[in-house]
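Novice: Please read through the structure below; I'll follow up with questions.
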Amino acid sequence: MRLLLVEDDRMIGDSLRAALRLDGYAVDWVRDALAAQSTLSSERFDLVLLDLGLPKGDGLEVLRALRARQDSTPVIVLTARDGLGDLVAGLDAGADDYLAKPFELDELNARIRAVMRRHSGRAQPVLSHAGVTLDPATRQVTKDGAPVLLSSREFAVLEALMQRPGALLSRAQLEDRLYGWGEEIESNAVSVYIHQLRRKLGADLIQNVRGVGYFVGTPSSPKEGDAQ
Ligand code: CA
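Read in order, the letters of the sequence shown are residues 1 to 228 in the working numbering.
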């Protein structure tokens, strides 16, 4: 999952980015409202963590502009504890949830998962397909009931594919989920993670359409070429 962090406080930003990356998220970080506007109008994210008090504008403007473009990317607003007015304004401007600073990372993670679940229309927190289950909260994966150990990047690839069964994800889309700006992309990394996932979870779980991408399940729009 690819997150955009909009936060001008260097210490908070640094520690949030480091912690979220450890949890397997690809995190990009901008420090003012102007940079947030231009990034959000040119790139796609799965979720935005948005501080409201920002230089060069403010977070509410960023949020209103996003929603004015009919962009429904989930947004969690980060506010100061006494900023009740801010938080009401944030929700009214189209935020999906909020957190008052300071907050615990566990709570942030739980809210990210809940917002993503609502956004995808899934009531069930656990993803499941063909005998394989993936629990985004506990980060546990099982095959036929038995636990399977995955690295955080293998987990991120599998989660991306299982969130939308049948949807084809290209190598570039998967790389986006795995790496933030400035992180060096290891060549062939996606193929390696797919290979590992097939080895651990069975060769049939993840299909690929040569030159197009990967999917689990039945493709939602059959493409030319042989799925294998
Ligand atoms: Ca701030």
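Backbone N, C-alpha and C define an ideal beta-carbon position, used for all residues, glycine too.
All figures in this text were calculated on a predicted structure; none of them were measured in a lab.
Given A189, which residues of its chain have a CB within under 8 Å of its CB, disregarding the five upstream and five downstream residues?
Specialist: Result list for A189: R153, E175, L178, in chain order.
Novice: With a threshold of 8 Å on Cβ separation, who are the neighbours of A110 within its own chain once the five nearest residues in sequence on each side are excluded?
Specialist: Closer than 8 Å at the Cβ level, and outside the excluded window around A110, lie A137.
Novice: Roughly how many whole angstroms lie between the Cα atoms of S213 and L16?
Specialist: The displayed chain sequence assigns Gly, not Ser, to residue 213. Rounded to the nearest angstrom, the two C-alpha atoms are 31 Å apart.
Novice: Helix, strand or coil: how does DSSP classify Q163 here?
Specialist: Reduced to three states, the DSSP call for Q163 is helix.
Novice: Among V48, H119, S170, G59, which has the Cα closest to the Cα of I76?
Specialist: Nearest of V48, H119, S170, G59 to I76, Cα basis: V48.
Novice: Using the C-alpha atoms, what's the distance from P102 back to L204?
Specialist: Correcting the residue type first, residue 204 is Asp in the shown sequence and not Leu. Using only the alpha carbons, I get a separation of about 45 Å.
Novice: Give the DSSP bridge partners of D176, in chain order.
Specialist: According to DSSP, D176 bridges with nothing at all.
Novice: Work out the CA separation of P125 and R31 for me, nearest whole Å.
Specialist: Answer to the nearest angstrom: the Cα atoms are 32 Å apart.
Novice: Taking contact to mean at least 3 C-beta pairs separated by less than 8 Å, is the region 155-169 in contact with the region 127-143?
Specialist: Yes, the region 155-169 touches the region 127-143.
Novice: Whose CB is closer than 6 Å to a heavy atom of ligand 1? List the residues in chain order.
Specialist: My final list is D8, D9, D51, G53, L54.
Novice: Would you kindly check if the distance between the Cβ of L40 and the Cβ of L66 is under 8 Å?
Specialist: It is a contact, given that the beta carbons lie within the stated cut-off.
Novice: Output the distance between the C-alpha atoms of P222 and R118, rounded to the nearest integer angstrom.
Specialist: For P222, the predicted structure reports a pLDDT of 49, less than 50, and the residue's modelled location is therefore unreliable. A value from the coordinates is still provided. If you take the alpha carbons of P222 and R118, they lie about 27 Å apart.
Novice: Can you list, in chain order, the residues of its chain with a C-beta nearer than 7 Å to that of Y193? Leave out the 5 residues immediately preceding and following it.
Specialist: Hits under 7 Å: R153, E154, V157.
Novice: Of the choices L201, D92, S38, D9, whose alpha-carbon is the least far from that of D51?
Specialist: Checking every option, the nearest Cα to that of D51 belongs to D9.
Novice: Between the C-alpha atoms of A80 and R198, what's the straight-line distance to the nearest angstrom?
Specialist: Their Cα atoms are separated by approximately 45 Å.
Novice: Return the bridge partner residues of N208 from the DSSP annotation.
Specialist: Answer by DSSP bridge pairing, in chain order: Y214.
Novice: CA-CA distance, A19 and G166?
Specialist: Near 31 Å, if we compare the C-alpha coordinates of G166 and A19.
Novice: Name the residue from S170, I185, G182, W181 whose alpha carbon lies nearest to the alpha carbon of V216.
Specialist: Minimum Cα distance to V216 is reached at S170.
Novice: Can you tell me where the beta strand (DSSP E) with D135 in it begins and where it stops?
Specialist: First-last of the beta strand (DSSP E) with D135: 132-135.
Novice: Hey, which unbroken runs of the alpha helix (DSSP H) at 4 residues or more fall wholly within the region 19-69?
Specialist: Here the runs fully enclosed are 33-42, 59-68.
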